[in-house]
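Reminder that position 133 of the sequence shown reads as 133 in UniProt numbering, one-by-one numbering, no gaps. Ideal placement from N, C-alpha and C gives every residue a C-beta, glycine not left out. All remarks here apply to the structure that follows.
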Amino acid sequence: MEDGIARQSAGYTPSVWGDYFIKNQAPCSSTTQKTEELMRERVEELVREVKNLLDNTYKDELQSLELIDSLQRLGVGYHFEEEIDKRLREYHDHNGKIEGNDLQAVALKFRLLRQHGYNVTSGTKYKDDEGKFQSNLANNVRGLLSLYEACFLSTLEDDILDEALNFTKHHLQSLSDNDQLDSALKILISHALELPLHRRIPRLGARYYMRVYEQDKESKNDIVLELAMLDFNLLQLLHNEEVKSLSIWWEKIVHDAKFNFSRDRIVECYFWILSVYFEPQYSMARKITTKVIALLSITDDIYDVYGTSDELQSFTDVIIRWDEEAAQQLKEYLKVHFHNLTKALQDFDNELSSHGKSYRVKYLKEIFKVVVRAWDEEVK
1 MEDGIARQSA GYTPSVWGDY FIKNQAPCSS TTQKTEELMR ERVEELVREV
51 KNLLDNTYKD ELQSLELIDS LQRLGVGYHF EEEIDKRLRE YHDHNGKIEG
101 NDLQAVALKF RLLRQHGYNV TSGTKYKDDE GKFQSNLANN VRGLLSLYEA
151 CFLSTLEDDI LDEALNFTKH HLQSLSDNDQ LDSALKILIS HALELPLHRR
201 IPRLGARYYM RVYEQDKESK NDIVLELAML DFNLLQLLHN EEVKSLSIWW
251 EKIVHDAKFN FSRDRIVECY FWILSVYFEP QYSMARKITT KVIALLSITD
301 DIYDVYGTSD ELQSFTDVII RWDEEAAQQL KEYLKVHFHN LTKALQDFDN
351 ELSSHGKSYR VKYLKEIFKV VVRAWDEEVK
């Protein structure tokens with residue numbers, strides 16, 4: 001009971017993280033700073049070496065495609081965006097077809113080109129006279145795996161890829177128990193059958209793939225592996241700093257305002273966005289988007305659980321007009337929430353202005369209005 005009003009409660013459980021990301025951070029010292037600096041210098045050296053590798057593999061199409069695929073799966077492809085884009089453009093057949101007979105090379109090229117937005121056709125070159133997939137394809141294990149992964153980038157017009165999915169899945173399932181297979185390849189098959197690459201979270205996939213890549217005698221390159229490990233650790237430091245700053249911000253938003261009715265899920269909000277773009281150049285975007293989702297989460301809980309219909313109607317009117325004067329007449333918790341929304345948008349404006357992108361904040365404000373209108377209709 002609050003202000004004589006019986007408030008609902010959704011009974012949300014506390015965050016499993018608590019204040020972990022606020023208190024459990026590595027101490028910043030001259031030694032750690034020096035270590036990080038040396039790591040960055042080594043990464044720069046390795047990036048230059050890998051660029052040379054990309055240049056040197058140009059004439060061997062399969063080797064080049066495998067290197068590109070490994071770089072992307074290991075989470076370091078962002079260092080080589082220009083080189084990879086250029087290479088794929090060069091490999092792309094202008095009439096939309098993919099030439100070649102090596103199943104692994106053809107399937108891998110198809111997947112990489114589709115991933116990068118090229119409109120390439122799937123073709124029927126691996127079918128026999130009876131319209132079935134050639135039986136000898138089952139002997140090309142890496143080719144089968146590449147084709148299986150490629151099938152998940154099909155469109156409505158790619159009926160052949162639906163057939164290929166059934167064909168490859170059947171043979172890969174039988175191969176997954178084959179003790180004669182290379183251990184790394186066997187792990188990749190099992191992993192792909194559990195969930196294909198196209199449906200996985202890149203950041204989690206990179207950590208997993210590092211362990212597999214290290215065991216893969218056929219594909220492993222020590223320079224690439226060292227780069228992947230160092231880069232992963234450096235990005236982990238950045239991501240930890242981001243989630244720490246967001247946790248501190250959230251602590252102030254929720255606990256100072258006594259929003260104990262709302263879900264405490266700031267870490268989950270951050271991980272959601274980290275899954276979309278993990279690269280360092282998107283640090284500001286991650287933090288802003290996480291805050292937006294978190295603020296929307298509070299607003300959602302206000303409409304779904306805590307607010308009365310009269311309170312929500314008044315709040316909706318204030319949001320739609322974005323009227324700071326009228327906001328002073330709201331219930332205290334709504335007044336505080338509106339203040340937090342306004343301050344967050346002003347902070348976003350300040351951050352984006354140095355990049356010439358502050359105009360985007362007005363569109364975000366309009367989105368808030370659209371969402372609030374929808375929740376208000378839902379309440380009615």
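Expressed to the nearest angstrom, what Euclidean distance is found between the alpha-carbon atoms of His171 and Ile189?
-> 10 Å
Terminal residues of the continuous alpha helix (DSSP H) containing His239?
-> 222–256
Ala344 and Lys291 look like a contact to me (Cβ under 8 Å); what is the Cβ gap, rounded to whole Å?
-> Contact holds; Cβ gap of about 6 Å.
Pick from Phe167, Gln72, Ala107: whose alpha carbon is nearest that of Pro202?
-> Gln72
If I'm right that Thr57 touches Leu67 with Cβ under 8 Å, what's the distance once you round it to whole angstroms?
-> In this structure Thr57 is in contact with Leu67, their Cβ atoms being roughly 6 Å apart against a cut-off of 8 Å.
Could you give the residue range of the alpha helix (DSSP H) that holds Thr57?
-> Unbroken run through Thr57: none, as it is neither H nor E.
Measure how close the beta-carbons of Phe315 and Leu330 come, nearest whole angstrom, since I'm counting them as under 8 Å.
-> 6 Å
Whole-Å CB distance - Ile320 paired with Lys369, under 8 Å assumed | 5 Å
Quick one: measure Cβ to Cβ for Trp322 and Lys365, integer angstroms, because I've assumed they're closer than 8 Å.
-> 7 Å
Report the option in Ile248, Glu41, Ile298 whose CA atom is closest to the CA atom of Ile22.
-> Checked all of Ile248, Glu41, Ile298; the closest Cα to Ile22 is Ile248.
Pick from Asp310, His355, His337, Glu268: whose alpha carbon is nearest that of Gly18?
-> Glu268
Best match in Glu218, Tyr126, Lys244 for proximity to Thr168 [C-alpha to C-alpha] | Tyr126
Close Cβ partners of residue 383 (< 8 Å) along its chain, the five nearest in sequence each way excluded | In this structure the chain extends from 1 to 380, so residue 383 is not present and cannot be described.
Count the other CB atoms within 10 Å of the CB of Gly307; is the residue buried (16 or more) or exposed (fewer)?
-> buried
Mapping DSSP to helix, strand and coil, what is Phe133?
-> Reduced to three states, the DSSP call for Phe133 is strand.
Which of helix, strand or coil DSSP assigns to residue 405 = The shown model of the chain, from 1 to 380, leaves out residue 405, and the question about it has no answer.
Sort Asp300, Glu351, Asp376 by Cα distance to Gln313 and report the nearest one.
-> When Asp300, Glu351, Asp376 are compared, the shortest CA-CA separation from Gln313 is found for Asp376.
Cα-Cα separation between Leu112 and Ser283, rounded to whole angstroms = Separation of Leu112 and Ser283 (C-alpha to C-alpha, rounded to the nearest whole angstrom) is 26 Å.
Taking Arg207 as the reference, which of Phe259, Glu324, Ser275, Glu218 has the closest Cα?
-> Ser275
In angstroms, rounded to a whole number, what distance separates the CA positions of Gly96 and Gly123?
-> Only weak support exists for where Gly96 lies, its pLDDT of 49 falling under 50; the value from the coordinates is given anyway. So the two alpha carbons sit approximately 10 Å from each other.
What is the residue span of the alpha helix (DSSP H) that Val292 lies within?
-> 283–301
When the Cα atoms are used, what is the spatial distance from Gln236 to Met39?
-> 13 Å
Contact between the region 79–86 and the region 101–109 (3+ Cβ pairs under 8 Å) = Cβ pair count under 8 Å is below three, so no.
Where Gly75 falls, given that 16 or more other Cβ within 10 Å makes a residue buried = Gly75 comes out buried.
With 16 as the cutoff for other CB atoms within 10 Å, does Ile367 come out buried or exposed?
-> exposed
Counting only runs of 4+ residues fully inside the region 169–204, write out the alpha helix (DSSP H) ranges in chain order.
-> 183–194
Looking at Lys331 and the ligand GDP, is the gap between the Cβ and the nearest heavy atom below 6 Å?
-> With respect to small molecules bound, the structure shown includes none, and the ligand GDP cannot be examined in it.
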